[in-house]
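Chains G and Z, in that order, are what the protein sequence lines are. In case it helps, the working numbering puts the first sequence at residues 3 to 301. In case it helps, the working numbering puts the second sequence at residues 16 to 157. Just so it is clear, CB atoms sit at the ideal spot from N, CA and C, and this is done for glycine as well. Heads up, the thing below is written out as structure tokens.
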Amino acid sequence: MRILTIALSVLFLTACGSGAKQDEKAFLNSLDSAKTEGTSIDSEVISGILQSIPSPLEISVLLKESGQKYDNALLNSPDNTSKYNNNYKKALNLGIYGTDLGYTNIYEQNRDGIRYLSSIKSMADGLNIGQFFDIETIGRLATNSRNLDSLLLITTQNFNSINAYLQNQNRSNLSVLLLAGGWVEAMQITCQVAAKDKKNIDLKNTIGEQKIILENIMLLLSFYKDVDENMASLLKDFEELKSAFDKINIVYTYKESTMEIVDGVAMIKDNSTTTIQITDEDVVLIQKITDSIRNKIIS
Amino acid sequence: MKKVLFSILFLASGLLSSDLIGQCDSENYSSACIPKLATGFNFLKSYKVDGEGGAKNKIEYSYVFTKGTQYMINLCTGGQTPDGVVVDLYDSNRNKVASSKINNQNVSAVVFPCNAVGIYYIQYTFDKSTAFCAGSALGFKR
Numbered sequence: 003m004r005i006l007t008i009a010l011s012v013l014f015l016t017a018c019g020s021g022a023k024q025d026e027k028a029f030l031n032s033l034d035s036a037k038t039e040g041t042s043i044d045s046e047v048i049s050g051i052l053q054s055i056p057s058p059l060e061i062s063v064l065l066k067e068s069g070q071k072y073d074n075a076l077l078n079s080p081d082n083t084s085k086y087n088n089n090y091k092k093a094l095n096l097g098i099y100g101t102d103l104g105y106t107n108i109y110e111q112n113r114d115g116i117r118y119l120s121s122i123k124s125m126a127d128g129l130n131i132g133q134f135f136d137i138e139t140i141g142r143l144a145t146n147s148r149n150l151d152s153l154l155l156i157t158t159q160n161f162n163s164i165n166a167y168l169q170n171q172n173r174s175n176l177s178v179l180l181l182a183g184g185w186v187e188a189m190q191i192t193c194q195v196a197a198k199d200k201k202n203i204d205l206k207n208t209i210g211e212q213k214i215i216l217e218n219i220m221l222l223l224s225f226y227k228d229v230d231e232n233m234a235s236l237l238k239d240f241e242e243l244k245s246a247f248d249k250i251n252i253v254y255t256y257k258e259s260t261m262e263i264v265d266g267v268a269m270i271k272d273n274s275t276t277t278i279q280i281t282d283e284d285v286v287l288i289q290k291i292t293d294s295i296r297n298k299i300i301s
Numbered sequence: 016m017k018k019v020l021f022s023i024l025f026l027a028s029g030l031l032s033s034d035l036i037g038q039c040d041s042e043n044y045s046s047a048c049i050p051k052l053a054t055g056f057n058f059l060k061s062y063k064v065d066g067e068g069g070a071k072n073k074i075e076y077s078y079v080f081t082k083g084t085q086y087m088i089n090l091c092t093g094g095q096t097p098d099g100v101v102v103d104l105y106d107s108n109r110n111k112v113a114s115s116k117i118n119n120q121n122v123s124a125v126v127f128p129c130n131a132v133g134i135y136y137i138q139y140t141f142d143k144s145t146a147f148c149a150g151s152a153l154g155f156k157r
């Protein structure tokens with residue numbers, strides 16, 4: 003009899019496990035009124051492109067390393083959250099606030115960082131993905147600049163987890179918006195800083211390099227243009243930006259790398275190069291269009 | 016009666032074992048790789064490398080690398096790392112620009128100071144691997 007009980011329990015638990023997962027998925031799907039159905043593109047293709055987009059954190063590090071001072075006037079106000087009352091706006095501004103949080107973190111501006119964290123939590127809760135932000139832990143780390151590495155690590159992991167979760171839940175459209183918002187904010191910050199520091203070639207080149215990323219984000223948006231009018235409209239705005247980027251040339255020259263093993267690590271010398279052909283006028287035009295797109299998103 | 020009970024148990028254990036046994040725990044390996052990025056590198060992405068016991072011979076991801084940024088890609092496995100797992104980096108024209116295997120010596124980390132912006136393909140292959148299973152992390156520093 004005891005064996006029968008165990009056997010039936012095992013079967014019961016196995017059956018419950020898969021059923022519960024399905025129920026949870028159905029429940030979460032029903033919560034998301036903005037869920038986009040009908041894109042015929044394979045989810046692995048979408049996931050692959052999403053994974054390839056660089057983190058806005060890289061630009062914040064570049065700004066700090068190049069000696070630019072912290073300026074919170076460049077960021078979206080953390081008090082704007084009440085303006086974002088649909089999933090489209092919430093996802094885009096979650097991306098915007100994510101970039102802003104990264105920027106405050108890199109500059110160790112903890113007080114501002116905590117305000118952005120709160121805005122992020124609010125946006126994420128609105129999208130039913132708030133569980134990925136342990137606000138207490140992050141808030142505690144943010145109060146001490148010695149925790150910078152842990153803070154950067156945890157926030158990056160949180161955003162990676164959100165993207166993985168959204169993709170598993172067939173809500174990649176929100177992942178695309180989150181990423182697009184984050185990129186627009188990083189672009190806007192870079193353009194504003196470049197406008198004040200016109201002689202900074204690195205910043206100008208960084209703006210030019212974004213041509214590659216813009217093309218990938220536009221590809222992602224194009225997958226949804228027939229099923230989501232908001233994403234179609236955003237794609238149209240990005241097309242205008244692309245026309246400004248079309249004037250920029252990225253010239254790639256390949257030369258075989260040099261490789262050696264040092265202390266158990268393969269150390270590579272990249273002998274290839276790229277040259278960015280971009281003018282001051284290109285930067286001004288890109289800044290103007292980026293500002294206009296960003297203002298639409300945050301208003 | 017006993018035969019019926021054992022049949023039930025056998026079926027149930029089969030259902031469970033397909034979930035638990037023989038799986039590649041690449042997610043845990045990739046998490047373990049994050050703190051192993053060298054000092055100064057900021058974590059960007061973690062990658063699962065599941066060769067499905069040898070059924071898959073190649074796993075590939077892509078990432079846009081930026082000129083002037085150093086990237087580190089490392090590998091973690093359940094056994095003797097890198098356990099025959101090789102990571103190669105290809106540029107957008109599919110030229111090999113970096114590898115963890117140099118002169119037949121395979122190591123568990125690659126540092127690539129990028130000098131040309133573009134999309135790069137991070138490719139994992141297996142060379143006499145025993146588990147066909149690993150995790151990997153990508154980090155950056157300026």
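| Query | Result |
| --- | --- |
| Chain-ordered neighbours of residue 232 of chain G on chain Z, where CB pairs are closer than 9 Å | Neighbours of residue 232 of chain G on chain Z: none; closest Cβ ~25 Å, over 9 Å. |
| Beta-carbon spacing of residue 139 of chain Z, residue 102 of chain Z below 7 Å | yes |
| Residue 247 of chain G, enclosing alpha helix (DSSP H) - first and last residue | 231-247 |
| Residue 203 of chain G classed as buried or exposed, judged by whether at least 16 other C-beta atoms fall within 10 angstroms | exposed |
| N-terminal and C-terminal residue of the beta strand (DSSP E) that residue 102 of chain Z is part of | 100-105 |
| Contacts of residue 285 of chain G in chain Z (Cβ-Cβ under 9 Å) | Ordered by position in chain Z, no residue passes the 9 Å Cβ test against residue 285 of chain G, which lies about 16 Å from the chain. |
| Residue interval of the alpha helix (DSSP H) (run including residue 271 of chain G) | No alpha helix (DSSP H) holds residue 271 of chain G; the beta strand (DSSP E) holding it covers 267-271. |
| Host alpha helix (DSSP H) of residue 292 of chain G (start-end) | 282-300 |
| C-beta atoms of residue 294 of chain G and residue 273 of chain G nearer than 7 Å | no |
| Secondary structure, alpha helix (DSSP H): runs of 4+ residues fully inside the stretch 127-173 of chain G | 137-144 and 150-170 |
| Validate contact between the stretch 60-79 of chain G and the stretch 216-235 of chain G using beta carbons, cut 8 Å, 3 pairs | no |
| For residue 62 of chain G and residue 105 of chain G, believed in contact at Cβ under 8 Å, the rounded distance | 5 Å |
| Local Cβ density within 10 Å of residue 241 of chain G, reported as buried at 16 or more and exposed below that | exposed |
| Beta-carbon proximity list for residue 251 of chain G, same chain, < 6 Å, skipping 5 on both sides | 279 |
| CB contact check: residue 59 of chain Z to chain G, cutoff 7 Å | yes |
| 7 Å Cβ cutoff, residue 155 of chain G in contact with chain Z | yes |
| Residue from G/290, G/265, G/286 and G/88 whose Cα sits closest to the Cα of residue 239 of chain G | G/290 |
| Helix, strand or coil at residue 157 of chain Z [DSSP, three-state] | coil |
| Inter-stretch contact (C-beta, 8 Å, three-pair minimum) for the stretch 253-272 of chain G and the stretch 174-186 of chain G | no |
| Bridge-paired residues (DSSP) for residue 92 of chain Z | Paired residues: none, contrary to the question. |
| Any C-beta of chain G under 7 Å from that of residue 152 of chain Z | no |
| Residue 133 of chain Z - DSSP class collapsed to helix/strand/coil | strand |
| Residue 122 of chain Z, DSSP secondary structure in three states | coil |
| Minimum Cβ-Cβ distance from residue 54 of chain G to chain Z less than 7 Å | yes |
| Sequence-distant residues of its chain with Cβ nearer than 7 Å to residue 58 of chain Z (five each side left out) | 49, 52, 152 and 154 |
| Nearest-angstrom Cβ-Cβ length linking residue 96 of chain G and residue 55 of chain G, presumed shorter than 8 Å | Their Cβ separation, rounded to whole angstroms, is 15 Å, which puts residue 96 of chain G and residue 55 of chain G out of contact at 8 Å. |
| Alpha carbon of residue 54 of chain Z to alpha carbon of residue 62 of chain Z, nearest angstrom | 20 Å |
| Residue range of the alpha helix (DSSP H) that includes residue 59 of chain Z | First-last for residue 59 of chain Z: 57-65, but that is the beta strand (DSSP E), not the alpha helix (DSSP H). |
| C-alpha gap between residue 32 of chain G and residue 168 of chain G, whole angstroms | For residue 32 of chain G, the predicted structure reports a pLDDT of 39, less than 50, and the residue's modelled location is therefore unreliable. A value from the coordinates is still provided. Residue 32 of chain G and residue 168 of chain G: Cα-Cα distance of roughly 14 Å. |
| Spatial distance of residue 210 of chain G from residue 108 of chain Z (CA atoms) | 20 Å |
| Identity of the residues DSSP links to residue 116 of chain Z by a beta bridge | Z/121 |
| For residue 83 of chain Z, the three-state DSSP class (helix, strand or coil) | coil |
| Coarse secondary structure for residue 42 of chain G, derived from DSSP in three states | coil |
| C-alpha gap between residue 81 of chain G and residue 92 of chain G, whole angstroms | 14 Å |
| Buried or exposed (CB count within 10 angstroms, at least 16 for buried), residue 47 of chain G | exposed |
| Cα-Cα separation, residue 156 of chain G to residue 103 of chain G | 12 Å |
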